[in-house]
Amino acid sequence: MMLKPSVLACLAAAGLAAADGLHARAVAAGKKYFGTEISISVMNDASANNIAKNSQDFGQYTAENEMKFDALEPSRGVFNYANGDKIVAQAQANGQIMRCHALIWHSQVPSWVSNGGFNNATLISIMRTHIANVVGHYKGKCYAWDVVNEALNEDGSYRNSGSIWGSTIGPAFIPMAFAAAAAADPSTKLYYNDYNCDKPGSKSTGAQNLIRMVKAYGAPIHGMGLQGHFTTGQVGSASTLVQNLQAFANLGVEVAYTELDIATPSSNPNFNQQATDYATVVSACKQVSACVGITTWGFTDKHTWIRNSYPLIWDTNMQKKAAYNAILNAWGSSSGGGGGGGGGGGVTTTARPPTPTGGSCAAQWGQCGGSGWSGPTCCVAPFSCKAQNPYYSQCL
Ligand code: 9MR
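Mapped onto mature numbering (1 follows the signal peptide of the UniProt record, and there is no 0), the consecutive letters of the sequence shown carry residue numbers -19 to -1, 1 to 377.
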């Protein structure tokens, strides 16, 4: 039955129109969310913020800097939650969940901590006080907290040099931080978060050892955050990413890509390769049930920490890049069926017919085969179906 345009307009006004977007597709694939990092600067940029507020694309936010130690406790015992609260309020108004970031990190530590000359016992007390206040303030509002951020060297050993926490307290600050966060909000998911742990290797192994260490101390740890700061052409295969995700899942924690962006050289940007690389990361998360979601570190090339490398999904003029459709197609259709691992992301999505694919063939970057796959096995021209691993073939 065809619906009259006036009826469709009414349905849309009532929020009942077919839903689609990056987050809607992730939820249909069984994930909890697709989300973005956001900041007060983005919220002050109306055209960017309109995109951020679309809960079909983003079901989750991470504050870029507004919940870090220096922002929240600029001097000892003085807490400033105004900017963090604004981000949480916008998320709540749109039914978006929060990943909260980051409690204990060697960077963005205020000088009263780093230059205070505190001994071991005092610094432990400062750390615990900060965590109790901050996690207590946001209690019930954070799906997850990045409790400890970037505590490892590239070889997988614990970072001492350059870290006030590691050099004063030693690696024991890590389980202490997790225990303090759990005491302040027993229902938030507690994550270790780091970069260059995205593929099997010494740092990834180090992060797995860190998770074992936290558990051995008797503190809870629920998740591994893989930051996912990549460069085009260097993401590698989905099967390698899957192997890495699974190694963390095997420790009994959930996993998430927490800061995904894929830089492309400004001298010779390759947005098609970038789109393929985004699709590879999505397909890896889709294949591992313990992967609960993906957060990109921003969404527009206008607001990114790595300027001149165009790493995100919308361009500087707020136009969607090739990566957008690549991500949609990699999640699969919004009519459901997929990887598991999620639960509601706070946003209700409505089933919609599969994306037009040119007959029964999948579009570029769509899935076209793999063990247990019952969808299309051919690709629209000019793309062809290429096996990425036994579980996933993709139209490239
Ligand atoms: O995007 C953040 C940037 O605005 C800050 O200047 C920078 C300070 O170190 O932190 C950036 O975010 C980082 C995140 O908090 C942790 N992982 C690496 C991110 C990019 O540097």
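The beta-carbon is built from N, C-alpha and C at its ideal position, and this holds for glycine as well. Remember, predicted model here, so these are calculated numbers, not experimental data.
First through last residue of the beta strand (DSSP E) which encompasses residue i
i, result
"T239", "E235 to A244"
"V273", "C272 to T277"
Identity of the residues DSSP links to residue i by a beta bridge
i, result
"K283", "Per DSSP, none; premise fails for K283."
"V59", "S56"
"Y139", "L133"
"F15", "I275"
"S170", "First, the amino acid is wrong: residue 170 is Lys here, not Ser. The partner list for K170 (beta bridge, DSSP) reads A125."
"Y42", "T17 and M79"
"G204", "Y172 and E235"
"G350", "S374"
"W86", "N130"
"C360", "A343"
"C366", "C376"
Neighbour-count burial assignment, residue i, 16 or more Cβ in a 10 Å radius
i, result
"Q89", "exposed"
"R57", "exposed"
"R80", "buried"
"A70", "exposed"
"T169", "buried"
"K267", "buried"
"S374", "buried"
"N100", "exposed"
"K367", "exposed"
"G339", "With a pLDDT of only 39 at G339, under the threshold of 50, the placement of this residue in the model should not be trusted; the figure read from the coordinates follows. Result: exposed."
"E135", "exposed"
"A362", "exposed"
"G(-5)", "Any reading at G(-5) must be qualified, since the residue scores a pLDDT of 44, below 50, and its modelled position is unreliable; the value itself is stated next. Result: exposed."
"residue 400", "As displayed, the chain neither begins before -19 nor continues past 377, which places residue 400 out of reach and without an answer."
"P246", "exposed"
"N310", "buried"
"G320", "Unreliable placement is indicated for G320, whose pLDDT of 37 sits below 50; the coordinate value is still reported in the next sentence. The residue is buried, with at least 16 neighbouring Cβ atoms inside 10 Å."
"E54", "buried"
"Q37", "buried"
"G347", "buried"
"A74", "exposed"
"S144", "buried"
"Q208", "buried"
"P181", "exposed"
"K120", "exposed"
"N231", "exposed"
"G16", "buried"
"S314", "buried"
"N25", "exposed"
"K281", "This sequence places Thr at residue 281; Lys is not what is there. Counting Cβ neighbours within 10 Å, T281 comes out buried, since at least 16 surround it."
"N130", "buried"
Expected contact under 8 Å - CB spacing of residue i and residue j to nearest Å
i, j, result
"A219", "S264", "5 Å"
"N174", "K184", "That pair is no contact at about 13 Å."
"F50", "P91", "6 Å"
"T276", "L293", "At roughly 12 Å, the Cβ-Cβ gap does not stay under 8 Å, so T276 and L293 are not in contact."
"P156", "A200", "4 Å"
"I68", "Q41", "With a Cβ gap of about 12 Å, I68 and Q41 do not count as contacting."
"T257", "A307", "7 Å"
"D242", "I202", "Not quite, the Cβ-Cβ distance comes to about 25 Å (not below 8 Å), so this is no contact."
"N31", "E47", "At roughly 20 Å, the Cβ-Cβ gap does not stay under 8 Å, so N31 and E47 are not in contact."
Residue interval of the alpha helix (DSSP H) (run including residue i)
i, result
"Y305", "A303 to W312"
"M299", "Taken as a continuous stretch (DSSP letters only), M299 belongs to no alpha helix (DSSP H), as it is neither H nor E."
"T212", "Note, T212: premise wrong, no alpha helix (DSSP H); beta strand (DSSP E) at H210 to T212."
"R288", "Element bounds for R288: n/a, residue is neither H nor E."
"G217", "Segment: none, G217 is in no alpha helix (DSSP H) and carries neither H nor E."
"Y259", "F252 to Q268"
"F159", "F154 to A165"
"T187", "In the sequence under discussion, the amino acid at residue 187 is Gly, which differs from the Thr named in the question. Here the alpha helix (DSSP H) through G187 covers S183 to A197."
"G9", "Checking the sequence shown, residue 9 turns out to be Ala, not Gly. L3 to A9 is the extent of the alpha helix (DSSP H) around A9."
"A33", "A27 to A33"
"I112", "N101 to H118"
"S36", "No alpha helix (DSSP H) holds S36; DSSP gives it neither H nor E."
"G147", "I145 to T149"
"S95", "S92 to S95"
Test: residue i CB closer than 9 Å to a CB of chain D
i, result
"A304", "Among the chains of the structure shown, chain D does not appear; only one protein chain is present."
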